[in-house]
Amino acid sequence: MIPPELRTVNVTRYVTPLREGGSLPAIVDGDDDFPYVLKFRGAGQGRKALIAELIGGELARGLGLRVPELVFMELDDSFSKTEPDEEIQDLLKFSVGLNLGLHYLAGAITYDPLVSVATPLEASLVVLLDAVITNIDRTVRNPNLLNWKKELWLIDHGASLYFHHAWTDWEAHAHRPFPAIKDHVLLPKATELPAAAAQLRSRLTPDFVATVVELLPDDWLVDAGNPQLPAAKRQVYTQYLTIRLAQLDALTKAAENAR
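The letter at position 192 of the sequence shown is residue 192 when you use the UniProt record's numbering, and the numbering goes up by one with no holes.
This is the structure in structure tokens:
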């Protein structure tokens with residue numbers, strides 16, 4: 001498997017906010033002439049949402065699922081100085097530095113269980129991955145899935161790995177079941193869970209997980225409320241995910257029972 005790697009792109013133009021998102025992501029242009037959906041470090045859950053987005057997205061890609069390309073995006077302070085909207089101005093000001101962008105899929109439509117495509121194996125892989133990363137935000141109300149060119153694409157993993165908002169009991173949290181799986185939008189189509197579990201085991205090895213976690217920038221891991229060094233925090237993320245993957249049989253059985 002090719003090790004994951006993220007490019008770094010500079011924001012050249014702020015195009016428009018996506019106001020349906022609570023954290024006010026925006027469509028921006030990069031200096032590579034591509035449009036991106038920019039997730040801001042200064043919004044809502046801030047850098048922890050970016051951490052969850054990066055880890056969830058790259059683990060999904062490692063499984064062969066479709067995820068828009070993730071890139072690091074450098075934002076300078078010039079954008080806040082020319083923005084007339086005070087809310088967006090503050091967001092831009094607090095997000096100067098390294099943010100996260102997803103390649104913008106122009107023309108994509110939101111997943112609709114009644115008409116959208118998702119093969120049984122794809123659905124099963126997404127269900128089990130979300131159980132591993134504790135993604136509570138893949139429901140009928142808010143699927144965070146797109147159909148683009150008649151294919152299923154995954155977006156927005158920022159609500160995953162919610163243990164890191166408390167952090168102190170991460171190991172106990174890693175051993176907990178994931179009852180929210182019963183509300184997963186793809187669960188009715190997830191009829192190949194055992195095959196999906198085998199794919200998770202073969203692809204999301206401890207080495208691959210560690211390689212994904214190693215992508216996290218140091219300054220996303222600096223937190224005034226947690227004095228641990230970035231290297232120690234990366235180790236926690238790696239251990240947490242390794243523990244979750246070791247419980248794949250139980251997570252698979254829970255998903256099967258929920259179906």
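The C-beta atom is built at its ideal place from N, Cα and C for all residues, glycine as well. Just so it is clear, the structure is predicted and the values come from calculations on it, not from any experiment.
Reference residue i, options the options, closest by Cα
i, options, result
"residue 159", "12, 39 and 34", "39"
"residue 174", "133, 156 and 146", "133"
"residue 202", "246, 46 and 163", "246"
"residue 260", "8, 73, 14 and 77", "Shown here, the chain extends from 1 to 259; a query on residue 260 therefore has no answer."
"residue 47", "66, 124, 23 and 35", "23"
"residue 57", "232, 171 and 156", "156"
"residue 101", "135, 221 and 10", "10"
"residue 61", "212, 255, 81 and 251", "212"
"residue 64", "230, 232, 129 and 251", "129"
"residue 8", "54, 59 and 74", "74"
Whether residue i touches residue j by CB criterion (8 angstroms)
i, j, result
"residue 319", "residue 153", "Given that the chain is displayed from residue 1 to residue 259, the structure contains no residue 319 and the question cannot be resolved."
"residue 172", "residue 136", "no"
"residue 196", "residue 124", "yes"
"residue 215", "residue 6", "yes"
"residue 97", "residue 218", "no"
"residue 87", "residue 14", "no"
"residue 44", "residue 36", "no"
"residue 252", "residue 193", "yes"
Under the three-state DSSP convention, the category residue i falls into
i, result
"residue 35", "strand"
"residue 237", "helix"
"residue 49", "helix"
"residue 40", "coil"
"residue 252", "helix"
"residue 70", "strand"
"residue 85", "coil"
"residue 17", "strand"
"residue 212", "helix"
The ligand GDP heavy atom lying under 7 angstroms from the CB of residue i
i, result
"residue 84", "You won't find the ligand GDP in this model; it holds no ligand whatsoever."
Spatial neighbours of residue i in its chain, beta-carbon cut-off 7 angstroms, leaving aside the 5 residues before and after
i, result
"residue 105", "68, 146, 148 and 153"
"residue 167", "226"
"residue 189", "118, 120 and 123"
"residue 210", "238"
Contact set for residue i: own chain, Cβ-Cβ below 6 angstroms, skip 5 residues either direction
i, result
"residue 16", "27"
"residue 126", "186"
Cβ neighbours of residue i in the same chain (closer than 8 angstroms, five flanking residues each side left out)
i, result
"residue 95", "40, 41, 42, 43 and 75"
Quick check on the DSSP output: what are the complete beta strand (DSSP E) runs of length 3 or more inside the stretch 116-198, in order along the chain?
145-148 and 151-154
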